[in-house]
Amino acid sequence: MIRRRRGGRWKKRRPVLKINNKINQNIIAKEVRVLGEDGKNLGTFPIEEALKMAMEKGIDLIEVSPKAKPPVTKIISFDKFRYQKTKELKKEQNEQKTKELKHVRITPRMGEHDLEVKLKQAHSFLEKGHRVEINLFLKGREKAHQAWGLKKLDEFIKKVETPIQKSGPPKFMGRGFAIQIFSK
Numbered sequence: 146m147i148r149r150r151r152g153g154r155w156k157k158r159r160p161v162l163k164i165n166n167k168i169n170q171n172i173i174a175k176e177v178r179v180l181g182e183d184g185k186n187l188g189t190f191p192i193e194e195a196l197k198m199a200m201e202k203g204i205d206l207i208e209v210s211p212k213a214k215p216p217v218t219k220i221i222s223f224d225k226f227r228y229q230k231t232k233e234l235k236k237e238q239n240e241q242k243t244k245e246l247k248h249v250r251i252t253p254r255m256g257e258h259d260l261e262v263k264l265k266q267a268h269s270f271l272e273k274g275h276r277v278e279i280n281l282f283l284k285g286r287e288k289a290h291q292a293w294g295l296k297k298l299d300e301f302i303k304k305v306e307t308p309i310q311k312s313g314p315p316k317f318m319g320r321g322f323a324i325q326i327f328s329k
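Count the sequence shown with our numbering and you get residues 146 to 329, in order.
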């Protein structure tokens with residue numbers, strides 16, 4: 146959703162985290178296992194007694210694991226619980242972003258310094274945990290000398306400092322060869 150702000154600037158709204166956990170009187174179970182704020186197991190109590198304990202402390206009783214027998218609840222402020230959930234969600238999203246496929250394009254007639262720059266680029270991608278696809282482009286008559294192109298690609302891969310694994314042999318694709326590598 147896009148919302149217009151004052152001054153004519155547009156800004157995307159942050160997605161609101163929907164929490165499906167039952168809170169306080171919405172908990173249906175007759176008996177629940179109660180965890181304290183610090184995560185310690187306080188024991189199994191009837192729901193009325195667990196609600197009473199939460200009300201005495203002035204915070205909420207939140208159902209954490211409804212499928213467990215008896216259901217697990219936690220005495221914690223709802224705001225704090227929501228904050229922890231959003232933090233976990235952001236952490237998961239950041240971890241997913243790091244597993245991207247990065248591309249490094251080389252040619253068999255590249256100069257030494259250019260190859261060193263590409264090696265540093267591939268090395269930095271591998272250090273960050275990305276998969277790297279190395280594309281060797283062949284131009285014109287170079288396509289007739291595929292063995293020479295493969296030799297240049299192997300030389301480049303051997304120069305990569307990070308210990309790597311290949312996803313398979315180099316594949317010939319219309320304009321050249323491609324191979325995926327990732328750190329061990």
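Ideal Cβ placement from N, Cα and C applies to all residues, glycine included.
### Query
Tell me which same chain residues have a C-beta within less than 8 Å of the C-beta of Pro308, skipping the five on either side of it?
Ser328, Lys329.
### Task
Below 8 Å on the Cβ atoms is my guess for Lys247 versus His275; work out the distance and round it to an integer in Å.
Right, their Cβ atoms sit about 5 Å apart.
### Asn186 versus Ile220: straight-line alpha-carbon distance, rounded
Across the structure, Asn186 and Ile220 are spaced so that their CA atoms are roughly 11 Å apart.
### Option in Ile324, Arg320, Lys304 with minimal Cα separation from Gly313
The shortest C-alpha to C-alpha distance from Gly313 to any of Ile324, Arg320, Lys304 is the one to Ile324.
### Query
Does the stretch 169–183 touch the stretch 193–201, meaning 3 or more C-beta pairs lie closer than 8 Å?
A contact exists between the stretch 193–201 and the stretch 169–183.
### Message
Less than 7 Å separating the Cβ of Met255 from some heavy atom of the ligand GDP?
### Response
The model on display carries no ligand, and the ligand GDP is accordingly not part of it.
### Message
Using only CA atoms, which one of Arg254, Lys304, Asn165 lies nearest to Leu281?
### Response
Measuring from the Cα of Leu281, the nearest candidate turns out to be Arg254.
### Task
Would you decide whether Val262 is buried or exposed? Buried here means 16 or more other CB atoms lie within 10 Å of its CB.
So Val262 counts as exposed.
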